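Written below as structure tokens is the structure these notes are about.
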Amino acid sequence: MGQWGPIIGALLYFVILIGLANFYTHKKIKNIDDFNTGGGTVTWTLVAITLSLVPHGSGHTMSLWESSSMFGVSVYWWAIIAGGAFIPLLMLWFGPWVRETGAETVVEVSEKLYGIKMRYMHAAVNIASWTAISMAETIAIAGAMYGLTGGLIPLFPWCIVIAFLLLVCYVVFGGVLELVWVSTINAVVMTVGSYLSLFFIGLWITANAAGWDGVVHSYAAVDQLFKLSMFNFSPGVIYQVIIPVTVLHIAAASVAQGMYVPLMAARSDEDCRKGFFICTMSNVITAFPWVIIAIVGMTLPQFAAAGPKLVVFQLAMAALPGWLYALLLVSLLAAVLSAGAGQVLGNATVLVNDILKRAVFPNMTDETRMKLMRPMIILVALLAAVPALFAPILFPVFLWAFSLSIPIFVIFMYGLVWKASKSAAWITVIVSTIVNFWWTFATPSWAQGPWALNMYPVTVVAFMLGTILFAILPGEEGYLSRIRAAKVNNVPISAK
Numbered sequence: 008m009g010q011w012g013p014i015i016g017a018l019l020y021f022v023i024l025i026g027l028a029n030f031y032t033h034k035k036i037k038n039i040d041d042f043n044t045g046g047g048t049v050t051w052t053l054v055a056i057t058l059s060l061v062p063h064g065s066g067h068t069m070s071l072w073e074s075s076s077m078f079g080v081s082v083y084w085w086a087i088i089a090g091g092a093f094i095p096l097l098m099l100w101f102g103p104w105v106r107e108t109g110a111e112t113v114v115e116v117s118e119k120l121y122g123i124k125m126r127y128m129h130a131a132v133n134i135a136s137w138t139a140i141s142m143a144e145t146i147a148i149a150g151a152m153y154g155l156t157g158g159l160i161p162l163f164p165w166c167i168v169i170a171f172l173l174l175v176c177y178v179v180f181g182g183v184l185e186l187v188w189v190s191t192i193n194a195v196v197m198t199v200g201s202y203l204s205l206f207f208i209g210l211w212i213t214a215n216a217a218g219w220d221g222v223v224h225s226y227a228a229v230d231q232l233f234k235l236s237m238f239n240f241s242p243g244v245i246y247q248v249i250i251p252v253t254v255l256h257i258a259a260a261s262v263a264q265g266m267y268v269p270l271m272a273a274r275s276d277e278d279c280r281k282g283f284f285i286c287t288m289s290n291v292i293t294a295f296p297w298v299i300i301a302i303v304g305m306t307l308p309q310f311a312a313a314g315p316k317l318v319v320f321q322l323a324m325a326a327l328p329g330w331l332y333a334l335l336l337v338s339l340l341a342a343v344l345s346a347g348a349g350q351v352l353g354n355a356t357v358l359v360n361d362i363l364k365r366a367v368f369p370n371m372t373d374e375t376r377m378k379l380m381r382p383m384i385i386l387v388a389l390l391a392a393v394p395a396l397f398a399p400i401l402f403p404v405f406l407w408a409f410s411l412s413i414p415i416f417v418i419f420m421y422g423l424v425w426k427a428s429k430s431a432a433w434i435t436v437i438v439s440t441i442v443n444f445w446w447t448f449a450t451p452s453w454a455q456g457p458w459a460l461n462m463y464p465v466t467v468v469a470f471m472l473g474t475i476l477f478a479i480l481p482g483e484e485g486y487l488s489r490i491r492a493a494k495v496n497n498v499p500i501s502a503k
């Protein structure tokens, strides 16, 4: 099969895996609850392993190896912070808190805190932000296929079309049950495939390129040994890696429905919490091979000439046997597909529950919701795939959409654990959104360096203004405290 072998093998793997998952889950999907939450039957191991891949994707693979050409191995802090900070917060606290409210989606919680209009606002932000992220994952899936086939399949439109079809098939048949089973198998395959590839590449450079000593000498020769240090805390690493991953994961991702999909399907709160260490470690360690392969590749002129985007593909193509090259392709696709599919399922759930049912057809039955879920999954994936054809033009829109979630996070968490002040919430959201529009479409000339990026002023305004307003304006006690008090006193919870 020549150059076509790896891509054919990888696609066959996913066709067989998705087919088996569909066969296994088909009889288990009887209603909307089964489709969206698996009937609350998902065990802690499946929750943990699935969640390790949802905030993974291109951010832990292609983006990191490309950035490593500039910052070196210190880009690995992206994975360390995402896995070591965001995932524990989500599994130990945020997930169980959202479940405690009794809401079907994280967006519904906003209505319980601040009323129906805030729910609509949160729903719009969720779909805008995570359509942009799904677009990025679609491009990553397409880019992986393009790079690993040496350009045999044109990136536009055919790799994008294949990426769209894979994303849809990943969740459209069995919903969350399909997602958790396919993701769990993919997590194992991805870990084995990426580390085995790293081992074989190590053998190859030992035989053909002076081994790791050759890598060290190459960076030393151009005075770039800092690229081999995890403690290269340069301004670029701090402002383009460490702070963005902290803010965008802990703030923006914590109010995204896609992140809560496996948690809402867990059997209990204990099943949300129990596997956090496995989830954290899986998320962190599976980013490591991609960074090291890129670091090695950039020291070898014949591969570095392809540029940081393609260096991993070029080195792997030369160093790995065909079967392992195909496994590496499966590993990369597993990472980006699992992340993208979780986001697509989350967006489709918000579209059906929080927009079509709550805002347009309040009397919609569960049967109708079930009929709508699959078409909405296809629609949501299309919303990501079509703009992917114009990605360079839309990159500023991506940053704008993602920053919209930051004030939502501030008022969401304050309303749950501190105080639910409707006026403070709306002022915080409105002012932060104005700042976001201002910095995105008319960046002030005096905003230099990292402050020219809208994420920084939006974060500062949202947290500072939100904290001040929630402290001084009247409001009700935090919603979680009201829930717990109502249970103790056996009275209804006060509603907005």
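In the numbering used here, the protein residues as written are 8 to 503. Every residue gets a Cβ at the ideal spot worked out from N, C-alpha and C, and that includes glycine. None of the values given here were measured: they were computed from a predicted structure.
Beta-carbon proximity of residue i to residue j, cut-off 8 Å
{"i": "residue 106", "j": "residue 255", "result": "no"}
{"i": "residue 482", "j": "residue 392", "result": "no"}
{"i": "residue 174", "j": "residue 348", "result": "yes"}
{"i": "residue 300", "j": "residue 152", "result": "no"}
{"i": "residue 183", "j": "residue 43", "result": "yes"}
{"i": "residue 96", "j": "residue 250", "result": "no"}
{"i": "residue 221", "j": "residue 306", "result": "yes"}
{"i": "residue 343", "j": "residue 148", "result": "yes"}
{"i": "residue 563", "j": "residue 361", "result": "Because the chain in this structure spans residues 8 to 503, residue 563 falls outside the shown range and cannot be described."}
{"i": "residue 143", "j": "residue 290", "result": "no"}
{"i": "residue 211", "j": "residue 28", "result": "no"}
{"i": "residue 49", "j": "residue 280", "result": "no"}
{"i": "residue 327", "j": "residue 207", "result": "yes"}
{"i": "residue 366", "j": "residue 127", "result": "yes"}
{"i": "residue 345", "j": "residue 116", "result": "no"}
{"i": "residue 178", "j": "residue 384", "result": "yes"}
{"i": "residue 432", "j": "residue 121", "result": "yes"}
Alpha helix (DSSP H) segment containing residue i, residue limits
{"i": "residue 353", "result": "329-357"}
{"i": "residue 376", "result": "373-395"}
{"i": "residue 491", "result": "486-496"}
{"i": "residue 551", "result": "In this structure the chain extends from 8 to 503, so residue 551 is not present and cannot be described."}
{"i": "residue 283", "result": "283-292"}
{"i": "residue 271", "result": "264-271"}
{"i": "residue 12", "result": "11-32"}
{"i": "residue 297", "result": "295-304"}
{"i": "residue 43", "result": "39-44"}
{"i": "residue 280", "result": "276-280"}
{"i": "residue 308", "result": "308-311"}
{"i": "residue 326", "result": "318-326"}
Close Cβ partners of residue i (< 7 Å) along its chain, the five nearest in sequence each way excluded
{"i": "residue 1", "result": "The requested residue 1 is not part of the displayed model; the chain covers only 8 to 503."}
{"i": "residue 341", "result": "193, 196 and 197"}
{"i": "residue 235", "result": "79, 80, 223 and 226"}
{"i": "residue 443", "result": "407, 410, 411, 461 and 465"}
{"i": "residue 356", "result": "43, 112 and 264"}
{"i": "residue 424", "result": "485 and 487"}
{"i": "residue 166", "result": "149, 152, 153 and 160"}
{"i": "residue 53", "result": "187 and 191"}
Counted within 10 angstroms of its Cβ, other Cβ atoms place residue i as buried (16 or more) or exposed
{"i": "residue 163", "result": "exposed"}
{"i": "residue 376", "result": "buried"}
{"i": "residue 484", "result": "exposed"}
{"i": "residue 11", "result": "exposed"}
{"i": "residue 158", "result": "exposed"}
{"i": "residue 102", "result": "buried"}
{"i": "residue 309", "result": "exposed"}
{"i": "residue 373", "result": "exposed"}
{"i": "residue 429", "result": "buried"}
{"i": "residue 277", "result": "exposed"}
{"i": "residue 55", "result": "buried"}
{"i": "residue 130", "result": "buried"}
6 Å CB neighbourhood of residue i in its chain, flanking five on each side removed
{"i": "residue 201", "result": "296 and 338"}
{"i": "residue 82", "result": "71, 74, 75 and 248"}
{"i": "residue 439", "result": "414, 465, 468 and 469"}
{"i": "residue 132", "result": "411, 412 and 415"}
{"i": "residue 379", "result": "359"}
{"i": "residue 364", "result": "371"}
{"i": "residue 118", "result": "126"}
Nonlocal neighbours in the same chain, by C-beta distance under 8 Å from residue i, ignoring five residues either side
{"i": "residue 409", "result": "136, 139, 140, 255, 259 and 462"}
{"i": "residue 287", "result": "59, 90, 91, 94 and 95"}
{"i": "residue 313", "result": "320 and 321"}
{"i": "residue 400", "result": "In this prediction, residue 400 scores a pLDDT of 48, lower than 50, which makes its location untrustworthy; the coordinate-derived value is nonetheless stated afterwards. Taken in chain order, the list of residues that qualify is empty."}
{"i": "residue 329", "result": "12 and 13"}
Threshold first: 3 residues or longer. Then list the beta strand (DSSP E) segments lying entirely within the stretch 60-89, N to C. none
Restricting to runs no shorter than 3 residues, where is the beta strand (DSSP E) found entirely within the stretch 167-250? none
Runs of beta strand (DSSP E) wholly within the stretch 421-462 (minimum 3 residues, chain order): none
Contiguous alpha helix (DSSP H) assignments of at least 4 residues, all confined to the stretch 87-144: 102-107 and 113-121
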